[in-house]
Structure formats: structure tokens, C-alpha cells
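Mind the numbering: the sequence shown is residues 6 to 593 in the numbering used here, read in order.
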Amino acid sequence: MKSEILRQKFINYFENRSHAYIGSYPLVPQDDPSVLFTTAGMHPLVPYLMGEKHPLGKRLVDVQKCLRTGDIDEVGDIQHLTFLEMLGYWSLGDYFKKESIRYTFGFYTEILSFSKDDIFVTVFAGDEDAPADEESYNTWKNEIGIPEERIYKYDKKENWWGPVSDTGPCGPCTEMFIDTGIEACGPACGPACNCDKFVEIGNNVFMEYFKNKNGQFEKLEQKNVDVGLGFERLVMFSEGCNTVFETDLFAGIMNKIITLAKKEDVKSCRIIADHIRAATFALAEEVEPTNIDRGYVVRRLIRRAVRYGKQIGIEGAFTFKVAKEVVEKMGSIYPELRENEQFIYSELKKEEEKFEKTLEKGMKEFLNINDAEISGKVAFNLFQTYGFPLEMTEELASEKGLKVDRSGFEEEFKKHQDLSRKGAELKFKGGLGDESDMAVKYHTATHLLHEALRKVLGNHVYQRGSNITAERLRFDFAHPDKMTEEELKKVEDIVNEQINLGLLVFEAITTVEEAKGDGAIGLFEAKYGEKVKVYSIGGPLDSEDAFSKEICGGPHIKNTSELGVFRIKKEESSSSGIRRIKAVLETK
6 MKSEILRQKF INYFENRSHA YIGSYPLVPQ DDPSVLFTTA GMHPLVPYLM
56 GEKHPLGKRL VDVQKCLRTG DIDEVGDIQH LTFLEMLGYW SLGDYFKKES
106 IRYTFGFYTE ILSFSKDDIF VTVFAGDEDA PADEESYNTW KNEIGIPEER
156 IYKYDKKENW WGPVSDTGPC GPCTEMFIDT GIEACGPACG PACNCDKFVE
206 IGNNVFMEYF KNKNGQFEKL EQKNVDVGLG FERLVMFSEG CNTVFETDLF
256 AGIMNKIITL AKKEDVKSCR IIADHIRAAT FALAEEVEPT NIDRGYVVRR
306 LIRRAVRYGK QIGIEGAFTF KVAKEVVEKM GSIYPELREN EQFIYSELKK
356 EEEKFEKTLE KGMKEFLNIN DAEISGKVAF NLFQTYGFPL EMTEELASEK
406 GLKVDRSGFE EEFKKHQDLS RKGAELKFKG GLGDESDMAV KYHTATHLLH
456 EALRKVLGNH VYQRGSNITA ERLRFDFAHP DKMTEEELKK VEDIVNEQIN
506 LGLLVFEAIT TVEEAKGDGA IGLFEAKYGE KVKVYSIGGP LDSEDAFSKE
556 ICGGPHIKNT SELGVFRIKK EESSSSGIRR IKAVLETK
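Structure (C-alpha cells):
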């Protein structure tokens, strides 16, 4: 079954079972400082997993773009990718374990024609915090008919999700695997192995607990189901391929790389295909290669691809040629690829040109190193002078049997950069955003700031990103010029005026068309679907008195008087045509 058909059949299967399609959330998360990129479909659903009502109901389905670098060293095998699509469906306080398992198994066997005899499953074994997940075990064994020798019980490491931070919702999960037929790695070989015999194709997470500050696990009032099925892996099995790189998703990309290469090296071709596909999707959301945060991830992907390209004899700039195959294959599904096509190619060419200038010199410098361990200072010099990401230096060192002083590198990095790479890696692991009272206040303040900017600068201003913590807000917006002191003062005064007026915050659920008709700003409606939640400040959505109206998932405060005093601390350039404001709330 071709990928386009499988993707649509998944959506249809769950729409026919009363699930509302919500569309893919952007790769660059909005209002969630805990992650650099969207790594799971749950990101836009955090408020609803915590109890808020979703405008489209309790049953949802989507196909989510995800970017993860946790398994980057595994890319090149039969199944691991950095960019992937996750088929997801949710129950927000509706059905639970039995129904979820039936749905997942039904999709596999009824739609994809997978044989029950090829499916292995895992369930939570239980521990001192929570009992064994007998309901899932019994459903698989007694109702679905999976024999007990193909049902594995594992501890929290394998079959438990969350919480992402010290506290939060969590619960057991049941995972599904396909036996690839590869020879077992040993007597204890099972789904938990990384030998490629078993490939995970889905994970049903059952959020039924809340871990409190004392480390205790309390039962949740609203039990949720969060299911993710690996799209590329399902395409692999449904097309009868041995690897994800043989599927129609990668055929054009791989053929282009093989045509350009002078040497045969399947793993290098796969790494290039994955990394350029991932970089292309990130660039489609205008994430430029830089040395920090998201830009660092994109730079690392591009430069790693270029290095592997050199290993297989590719000459000249080539990454944009590979990206064209990505756009050709995926552009009809994700229109942002075509909308930003020229930007993607331009950024790839520029980044490859930058790296080309220093790569040869940097390699000579590296090959002259004879120490058993590469010091942090030397590794940082390779990074700063020649543009070698730390991970690339580590890979090269490993090939020579050397080690790299990573902690020393990080110390050097901190001296020269605003954010350390270590911080970025911790941030990338991500999870639930900050749901503290102050973070909610800053979220509402962001709406006031957005509208104030539009009133002072003009309606060309629109949000291009935000980062909210319990200490401050950071807001990126489209505007060509640096703001004057007078403009900043006007914006600050307007926001504080709305705070002092003690405006009520209203919530409404309506269609995208009706929301825009009433004057709401709809920036990210693709993540909500037909029905959206709209927050208006100072009056109901249909009122002309409202100061601000925005499509938004929430949460927000009830009255602007809760905010205190708004202060702009900094205004600066974020990237070409994008300005950034950092602001705080102070007590009166």
C-alpha cells in the first residue's frame, strides 16, 4: 500500500469511528519553551490532556510531523529516522484500554492486512508505584487472541510514559511490534532488544495516574488515551520492504543520492536522505541554520549530510538537489514545502557553501591531533573556527579510536555563547510546557502585546513564534525595522492600560471562518481543525469592544488585573524580517 493511500486510510478509519481530524501541528511549537521541535502529537493537546474541553470533542485523530535527534546515531539502519510522521489518535476522557487496543489492532489487520501471527506486544509488569496492567494483558490474550508467549511484560523503562518533569500525568503503555524475520541476537532476544529483529509499529499510552510532588502516583479523574503509530514503519511493512528507505517515501530521494555518489555505501546514502529530509521540513518553517537552539539542530543535520556526501564522492553543492526530491514527494501533503521552496534551497546552498570553505582545513587540523583524548578547548576550536559540530568531532574521533572531552567543550562553549549545547540537548528532550500560574499569566500578556504591536506598528505584524516560561515571555513577530524607543513606550503603555482596566477574558468555540469574521487573528488554525477555541480580551468574540481576539488553545487567566505591571526588557532582531521582544511582569 502506497504511503498516500495508507495516510488517508488511517484518517478515514478513525473518522468513521467518530474521531475528529485536527491536522498536523507545526514542527516549531508555539508557547512551549520545553522543546525545540515537535516530537510527538501530544504537544498541541497539553491543555486538553490536563482537562480542558477540546472544541472538536473527546475523540481526535491526526498525522503529526515530528523531528527527533535522540536516535540520530541509529539513523542508517532499517528503521530509525530524525524526521517522521506519527499517526495519532486520542481519547480525552472517553473510551480507555480495551477500546483503544481494539481500534489499533483493527487498523493493523482490517486496513493494513497485517497477520495476527506476526504481531508481538508488550505491557507494563507493575512495581511499587502501580500494579501490573492486567487489563491490557487480558485484552490482548483473551479478546484479541495473541498467545501469551508473544506478550512480554516489562518495567517502567519500556512500558511507562511520563511524567516529563518531576510531576504530571503519566501511565502504563502497551507497545506493538512486528517480527522482521531477522535471526535472534540471543536466547533473551525480545521486543526490548535493539537488534532490528523486532520493529515497533505503535504505542498505546494510558494516562491514568498523576505523579505528585511527594513522588506518589494518584489516580486521575480524567483518563486519557494517547496513541502513536509509526507511519514510515507501517509503510515499510505494507509495501513489503526491508527498510524504511526502500519505501515510496524515500525512493526518489535515495535514487538522487545514488546518482550523485561515486562510491557505494548504503548507510551513508540513508543518513543523507534522512538528514536532508529533516532539514527541508525545518527550513520550510524558516528555521535558519545557526549555532544555538533549533538552528543548531538544522546546521548539525546539514553538515553531517555534507560530510557523508564527501565520503561517497559527491562533488559540489548537492543538498538542495536532494531537497527538491523531498519537496516533489511531500509538497502536496505539506504545502509549506512548496510555499517556502526557494528559501529552503537558498539556505541549503548557503550553509553548504559556508561549510565547504572550512571543511578541508578543519579536517587537516583534526588529522594532526595525536592525543589520546581531544581536549574541550581543541574541540571548541574545531567548532568555532571550522564549523565542526561537537557530535561530528566525536564521530571523527571515534573512527580514530579517540575520545573527546565533552564537559570541557561545554565549558568553553558557555564562555562564548548565550546558551550551552548541553542546555539545548536537555531542552530538546522536551515534554509538557510550563503550566504554572505565572506561565499562564505570561501567555495572556503575550496576547495583549501582540495586539498592542499591531496598533502601534500596523496590521502587517503577526506572531512568528513565542517562548514562555514562569519568569518571562519572548515574542517573535514580523516587522522589517528596529523599533524606536517611542514605539516601545507606546506598546508598553497600551498593554499596561489594558491591565489596569481589569478586562475580562472570554472563551468561545466556533469555526475558523466565523472566528475570522468576528475579527480574530488566525495564525495557527491548521493545528485545530474546523472548530477552534478563541480567546477575546475585553469583550465576547462578537463584541466590537474586545481589545484582542486570537485563535488559541489556552490556557489563560480570567481578568487582566491579575497580571501586574508589564515591562519590555529588550527588542532585537531574531532573523531577517523578524523582530523579538523580551518582557516581564512585575508586581505593583
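Yeah, the Cβ is synthetic: ideal placement off N, Cα and C, and Gly gets one too. Values in this document were obtained by computation on a predicted structure and should not be read as measured data.
query = Hey, quick one: how far does the beta strand (DSSP E) through Ala588 stretch, first residue to last?
reply = Indexing the sequence shown from 1 puts residue 588 at position 583. Segment Ile583 to Glu591, the beta strand (DSSP E) holding Ala588.
ask   = Does the beta-carbon of Leu372 have 16 or more other beta-carbons within 10 angstroms, so that it is buried, or is it exposed?
value = The residue you call residue 372 lines up with position 367 of the sequence shown. Its Cβ having fewer than 16 others within 10 Å, Leu372 is exposed.
For Thr264, the first and last residue of its enclosing beta strand (DSSP E) = Counting from 1 along the sequence shown, the entry for residue 264 is found at position 259. Unbroken run through Thr264 is the alpha helix (DSSP H), Ala256 to Leu265; no beta strand (DSSP E).
task = Go ahead and label Lys267 buried or exposed: buried means 16 or more other beta carbons lie within 10 angstroms of its beta carbon, across all protein chains shown.
result = By one-based count along the sequence shown, residue 267 stands at place 262. Flag for Lys267 reads exposed.
ask   = Who does Lys554 pair with in a DSSP beta bridge?
value = Looking up residue 554 in the sequence shown gives position 549. Ser541, per the DSSP bridge assignment.
query = Assuming Arg64 contacts Ser23 under a Cβ cut-off of 8 Å, what Cβ separation, rounded to an integer in Å, is found between them?
reply = Residue numbering aside, residue 64 sits at position 59 when the sequence shown is read from its first letter. Residue numbering aside, residue 23 sits at position 18 when the sequence shown is read from its first letter. Separation of the CB atoms of Arg64 and Ser23 is rounded to 5 Å, and the pair is thereby assigned contact status at 8 Å.
8 Å contact criterion, which Gly543 and Gln503 should meet: CB distance rounded = The count along the sequence shown starts at 1 and reaches residue 543 at position 538. The count along the sequence shown starts at 1 and reaches residue 503 at position 498. Rounded to whole angstroms, the Cβ separation of Gly543 and Gln503 is 7 Å, and the two are in contact under 8 Å.
inquiry  = With DSSP as the reference, identify every bridge partner of Gln468, one or two as the case may be.
reply    = Walking along the sequence shown from the start, residue 468 turns up at place 463. Under the DSSP definition of a beta bridge, Gln468 partners with Phe482.
key: 6 Å Cβ shell around Gln227 - same chain, five flanking residues per side excluded   = Looking up residue 227 in the sequence shown gives position 222. Excluding residues within five positions, the ones whose Cβ falls inside 6 Å are Gly56 and Gly98.
task = Please go through the same chain and pick out, in chain order, the residues whose beta-carbon is closer than 6 Å to the beta-carbon of Lys329, but skip the five residues on each side of it.
result = Taking the sequence shown and counting its residues from 1, the one referred to as residue 329 is at position 324. Nothing meets the Cβ criterion.
query = What runs of the beta strand (DSSP E), each 3 residues or longer, lie entirely inside the stretch 483 to 524?
reply = Listed in chain order, the complete beta strand (DSSP E) runs (minimum 3 residues) inside the stretch 483 to 524 are 510 to 516.
message = I need the straight-line Cα distance from Ser580 to Leu265, nearest angstrom please.
response = To locate residue 580, count along the sequence shown from 1; it is residue 575. To locate residue 265, count along the sequence shown from 1; it is residue 260. Take the alpha-carbon of Ser580 and the one of Leu265: they are about 33 Å apart.
key: Through-space distance from Tyr26 to Lys14, alpha-carbon basis   = Within the sequence shown, the letter at position 9 stands for residue 14. Within the sequence shown, the letter at position 21 stands for residue 26. When only Cα atoms are considered, Lys14 and Tyr26 end up about 12 Å apart.
key: His465 burial status per 10 Å Cβ neighbour count (16 or more: buried)   = Indexing the sequence shown from 1 puts residue 465 at position 460. By the neighbour-count rule (16 or more Cβ atoms within 10 Å), His465 is not buried but exposed.
Tyr467, buried or exposed, once every other Cβ within 10 Å from all chains shown has been counted against 16 = Here residue 467 refers to the residue found at position 462 of the sequence shown. Tyr467 should be labelled exposed.
message = DSSP has Ile27 in a bridge; who is on the other side?
response = Translated into positions along the sequence shown, residue 27 becomes position 22. Beta-bridge partners of Ile27 (DSSP): none assigned.
key: Three-state class that DSSP yields for Pro177 in the structure shown   = Locating residue 177 in the sequence shown gives position 172, counting from the first residue. Strand.
query = Pick from Lys419, Arg238 and Met212: whose alpha carbon is nearest that of Ile297?
reply = Along the sequence shown, read from residue 1 onward, the residue named residue 297 stands at position 292. Taking only the C-alpha atoms, the option nearest Ile297 is Lys419.
request  = Identify the continuous beta strand (DSSP E) that holds Thr595 and give its terminal residues.
outcome  = Any property of residue 595 remains undetermined from this structure, which presents the chain solely from 6 to 593.
request  = Below 6 Å CB to CB, which residues in the same chain sit around Ile83 once its five sequence neighbours on both sides are set aside?
outcome  = Walking along the sequence shown from the start, residue 83 turns up at place 78. Apart from sequence neighbours up to five positions away, the residues of its chain that approach Ile83 with a beta-carbon distance below 6 Å are Asp201 and Thr248, ordered along the chain.
request  = List the endpoints of the continuous alpha helix (DSSP H) containing Tyr100.
outcome  = As a first step, residue 100 is located in the sequence shown; it is residue number 95 there, counting from the start. Per DSSP, Tyr100 belongs to no alpha helix (DSSP H) and is neither H nor E.
ask   = How long is the line joining the alpha carbons of Thr185 and Val204, rounded to whole angstroms?
value = For the purposes of this step, residue 185 is taken as the residue at position 180 of the sequence shown. For the purposes of this step, residue 204 is taken as the residue at position 199 of the sequence shown. The C-alpha of Val204 is placed about 7 Å away from the C-alpha of Thr185.
query = Quick one: is Gly75 buried, meaning 16 or more other Cβ sit within 10 Å of its Cβ, or exposed?
reply = For the purposes of this step, residue 75 is identified with residue 70 of the sequence shown, where counting begins at 1. Under this definition Gly75 is an exposed residue.
Nearest residue (CA-CA) to Ile149, options Gln69, Asp138, Pro168 and Val126 = Locating residue 149 in the sequence shown gives position 144, counting from the first residue. Comparing Cα positions, the closest option is Val126.
CB contact flag (Ile562, Thr449, <8 Å) = What you label residue 562 is simply residue 557 of the sequence shown in a count that begins at 1. What you label residue 449 is simply residue 444 of the sequence shown in a count that begins at 1. Yes. Within cutoff.
message = So, with DSSP's three-state summary, where would you put Leu401?
response = Position 396 of the sequence shown, counted from the first residue, corresponds to residue 401. Three-state DSSP puts Leu401 in a helix.
query = Excluding sequence positions up to five away, which residues of its chain have a Cβ less than 8 Å from the Cβ of Val80?
reply = Taking the first residue of the sequence shown as 1, we reach residue 80 at position 75. Short of 8 Å from the beta carbon of Val80, and not among the five residues preceding or following it, lie these beta carbons of its own chain, in chain order: Leu86, Thr87, Arg275, Ile276, Asp279 and His280.
ask   = Contact check, Arg469 vs Ile317 under 8 Å by CB: the rounded distance?
value = For the purposes of this step, residue 469 is taken as the residue at position 464 of the sequence shown. For the purposes of this step, residue 317 is taken as the residue at position 312 of the sequence shown. Not confirmed; about 37 Å, so no contact.
ask   = Is Lys538 buried or exposed, if buried means 16 or more other CB atoms sit within 10 Å of its CB?
value = In the sequence shown, the residue the question calls residue 538 occupies position 533. So Lys538 ends up on the buried side.
ask   = Rounded C-beta distance between Ser548 and Leu453? I'm assuming under 8 Å.
value = Here residue 548 corresponds to residue number 543 of the sequence shown, with the count starting at 1. Here residue 453 corresponds to residue number 448 of the sequence shown, with the count starting at 1. Actually they are not in contact, since the Cβ atoms of Ser548 and Leu453 sit about 17 Å apart, beyond 8 Å.
ask   = Beta carbon of Asn164, beta carbon of Pro177: below 8 Å?
value = Translated into positions along the sequence shown, residue 164 becomes position 159. Translated into positions along the sequence shown, residue 177 becomes position 172. Inclusion of Asn164 and Pro177 in the CB contact set at 8 Å is warranted, their separation being smaller than that value.
key: Inter-residue spacing [alpha-carbon to alpha-carbon] between Lys70 and Glu370   = On the sequence shown, position 65 is the one that residue 70 refers to. On the sequence shown, position 365 is the one that residue 370 refers to. Roughly 39 Å between the two C-alpha positions.
request  = Tell me whether Gly62 is buried or exposed, calling it buried when 16 or more other Cβ atoms sit within 10 Å of its Cβ.
outcome  = Locating residue 62 in the sequence shown gives position 57, where the first residue counts as 1. The residue is exposed, with fewer than 16 neighbouring Cβ atoms inside 10 Å.
query = Does the Cβ of Val128 have 16 or more other Cβ atoms within 10 Å, making it buried, or fewer, making it exposed?
reply = Taking the first residue of the sequence shown as position 1, residue 128 is located at position 123. Val128 should be labelled buried.
request  = Assign Val66 to buried or exposed, taking buried as 16 or more other Cβ atoms, counted over all protein chains shown, within 10 Å of its Cβ.
outcome  = Counting from one through the sequence shown, the residue named residue 66 turns up at place 61. Buried, since its Cβ has 16 or more Cβ neighbours within 10 Å.
ask   = Based on Cα-Cα distance, which residue from Glu320, Ser351, Phe119 and Asn217 lies nearest to Phe242?
value = Along the sequence shown, one-based indexing puts residue 242 at 237. Measuring C-alpha to C-alpha distances from Phe242 to each of Glu320, Ser351, Phe119 and Asn217 identifies Phe119 as the nearest.
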